[in-house]
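The block underneath contains the structure these notes are about, expressed in structure tokens.
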Amino acid sequence: MGRQPQLPRGIAGWLEGSNGLLVYDHYDIWQLDITGKKTAKNLTNGRKNNIRFMITPDETGEGGPCAMYKNGKTFFESNSRLVLTALNMENKDNGFYTLSLGNKPLLERLYMGPYMFYHGDLSYGQARLNIGCKPLKARDTDVWLLTRQSATEAPNYYVTRGMKEFKRLTALQPHKDYNWLQAELINFEQQDGSHSKGILYKPENFDSSKKYPVIIHYYTQYSLFLNQYQKFDYTESADINIPWFVTRGYLIFMADIYFNKDWAGDAAVNAVEGAASWLAKQSYVDSTKMGIAGHSWGGTLTNYLVTHTNRFAAAFCGAAGASDVIGRGLLPERGDGSVNLKSYESYLSQTIWENSEKWIKASPVMSAHKITTPYLIYHCAIEGVPFQQATEMFVAMRRLGKKVWLLQYDESWHSTQNERDSRDLTIRVTQFFDHYLKGAHAPVWMTRGIRAQFKGIETGYEIDESGRLP
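So for the sequence shown, this note's numbering puts the first residue at 4; every next one is plus one.
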């Protein structure tokens with residue numbers, strides 16, 4: 004399986020009255036002797052089992068209830084019993100352990116299960132990931148208040164003594180009267196033969212004898228979402244609202260992408276094509292009705308995907324999807340005026356002047372003539388990323404006679420900022436995918452467009468009764 008850089012996470016705290024120091028690597032907690040006289044000890048051995056550990060914080064700080072804070076530093080007694088939060092990176096179970104410090108450190112598992120309690124920094128800042136709520140400990144006793152959620156269980160408050168059994172205090176289930184969803188962790192083979200993971204979301208009333216359309220969504224490692232409750236809401240960007248589409252009869256597949264030293268677009272092709280091949284082999288998937296959607300960085304990947312594969316029946320690119328990598332690197336952001344040249348040099352491992360051909364190849368607009376996928380672009384003029392990135396791709400595809408639409412909202416930015424725009428985007432994205440993935444009749448805005456002078460006056464939501472096709 005591909006891997007992201009496994010970076011250390013810094014200092015956990017000092018051991019009071021000694022030369023001991025607790026530090027995090029990517030998985031584990033280590034005890035070091037700053038004099039170098041004693042051998043470093045791995046206290047948790049999580050890497051062996053693909054489990055990441057962190058000290059469970061509380062309202063007093065990141066060191067949790069056992070910590071002391073002096074001069075901006077965190078200290079622990081040398082015999083402290085620490086409560087740890089754990090995340091299994093293989094099956095995504097979340098839970099708690101205790102770590103007893105001392106001459107013979109002891110790690111004890113308390114509870115691990117298919118839920119999300121709290122991820123903290125264990126999910127390394129994945130976009131859109133709800134990391135849960137920090138557990139709250141009573142002052143004078145080992146009683147904790149925490150939240151628990153899963154794909155089928157809304158977040159609720161629980162109380163526990165000892166982190167082994169949990170008593171529910173609230174019973175919020177806003178989805179209980181609706182055909183909700185179910186989530187399944189999938190292992191699939193990427194295009195190059197390596198393995199990755201993804202989440203397959205199905206309707207609660209899933210029928211394996213039927214054929215379903217699929218939308219594949221991506222950013223980085225979204226399989227960490229497995230036990231996150233998905234809020235039902237408008238689709239406010241190309242981060243499509245999963246319950247909205249699943250309850251309308253779609254399957255949603257969230258594919259992990261692992262980036263390497265090559266251009267990220269190639270890693271996206273490797274993962275998304277691999278996911279599509281796995282899906283196409285499932286008897287309940289209509290392999291002719293698969294779409295893709297990516298937002299922000301995922302939008303950049305979508306631009307690249309549509310120029311490197313003709314497998315998909317529809318594609319949706321949202322906010323900040325770079326189509327011209329050279330311009331993206333050189334043009335300043337709207338607002339703070341920052342430029343992203345260094346970032347793209349890092350992505351491509353060379354400067355424009357060292358290998359201009361590589362930069363041109365990485366710019367999807369230069370391959371727009373290869374696009375066969377109907378393409379919906381959402382990018383607002385006040386988006387931080389220059390609006391030219393969207394208009395370049397739109398104009399190129401229009402000039403080439405390709406099927407392309409551009410949505411722009413005057414009062415929105417990276418995602419829609421008000422209910423009016425969110426509702427409008429939800430309707431248009433739904434109509435777009437319904438037409439290409441479910442065979443629904445096309446609305447007027449897709450067949451005839453809406454002239455600029457009629458923006459905000461005409462919606463074009465109505466079905467084109469003439470039978471005209473986009």
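All C-beta atoms in this analysis are idealised placements derived from N, C-alpha and C, irrespective of residue type, glycine included. From a predicted model like this one, the values you see are computed outputs, not experimental measurements.
Query	Result
Simplified DSSP assignment, three categories, for Gly128	Since pLDDT at Gly128 reaches only 48, below the 50 mark, its modelled position is unreliable, and the value read off the structure follows with that caveat. DSSP places Gly128 in coil when its eight states are reduced to three.
The region 218-236 / the region 257-267 touching (three or more Cβ pairs under 8 Å)	yes
Coarse secondary structure for Thr144, derived from DSSP in three states	coil
Euclidean distance between Cα positions of Glu19 and Pro138	25 Å
Extent of the continuous alpha helix (DSSP H) run through Asn273	Ala267 to Ala283
Euclidean distance between Cα positions of Ile54 and Gln434	42 Å
Buried or exposed by the 16-neighbour rule on C-beta atoms within 10 Å, applied to His298	buried
At least 3 beta-carbon pairs within less than 8 Å: the region 380-400 vs the region 325-338	yes
Exposure of Gly128, with buried meaning 16 or more beta-carbon neighbours within 10 Å	Below a pLDDT of 50, predicted positions are generally treated as unreliable, and Gly128, at 48, falls in that range; the measurement from the model is reported next regardless. Classification of Gly128: exposed, given that the 10 Å Cβ count is below 16.
9 Å Cβ cutoff met for Thr101 and Met57	no
Chain B contact for His438 (CB, 9 Å cutoff)	The question asks about chain B, but that chain is absent: this structure has only one protein chain.
Cβ-Cβ distance between Glu348 and Gly332 below 9 Å	yes
Residue range of the beta strand (DSSP E) that includes Phe478	Residue 478 lies beyond the range of the chain shown here (4 to 473); nothing can be said about it.
Nearest neighbour of Arg151, chosen from Gly452, Ser341, Asp145 and Glu168 [CA to CA]	Glu168
Nearest neighbour of Leu379, chosen from Ala296, Tyr121, Glu156 and Tyr215 [CA to CA]	Ala296
Rounded separation between Phe256 and Lys458 - CA only	34 Å
Cα-Cα separation, Phe436 to Ala267	26 Å
Rounded C-alpha distance that separates His311 from Ile219	16 Å
For Arg12 and Asp124, the rounded distance between their alpha carbons	9 Å
Selection from Ser370, Ser415 and Leu428 that minimises the alpha carbon distance to Trp408	Leu428
Reference Met293; option with closest CA among Ala318, Lys234 and Cys69	Ala318
Phe31 - DSSP class collapsed to helix/strand/coil	It is Asp, not Phe, that sits at residue 31 in the sequence shown. DSSP places Asp31 in coil when its eight states are reduced to three.
Strand pairing of Trp408, partner residues [DSSP]	Leu379
Distance, Leu110 Cα to Gln411 Cα	54 Å
Inter-stretch contact at 8 Å, needing at least 3 Cβ pairs: the region 154-163 / the region 228-246	yes
C-beta atoms of Glu187 and Lys205 nearer than 9 Å	yes
Same chain only: Cβ atoms within 7 Å of Val86, ignoring 5 sequence neighbours per side	Thr59, Gly67, Phe99, Thr101 and Met166
Inter-stretch contact (C-beta, 8 Å, three-pair minimum) for the region 279-293 and the region 370-378	no
Alpha-carbon to alpha-carbon, Asn94 and Asp31	18 Å
Of the residues Cys383, Tyr121 and Ala70, the one placed nearest Gly16, counting alpha carbons only	Ala70
Spatial distance of Ile430 from Ala316 (CA atoms)	19 Å
Coil, strand or helix - Met4 by DSSP	Since pLDDT at Met4 reaches only 43, below the 50 mark, its modelled position is unreliable, and the value read off the structure follows with that caveat. In the structure shown, Met4 sits in coil (DSSP, three-state: anything other than H, G, I, E or B).
Residue interval of the beta strand (DSSP E) (run including Leu227)	Element bounds for Leu227: n/a, residue is neither H nor E.
Helix, strand or coil at Met369 [DSSP, three-state]	helix
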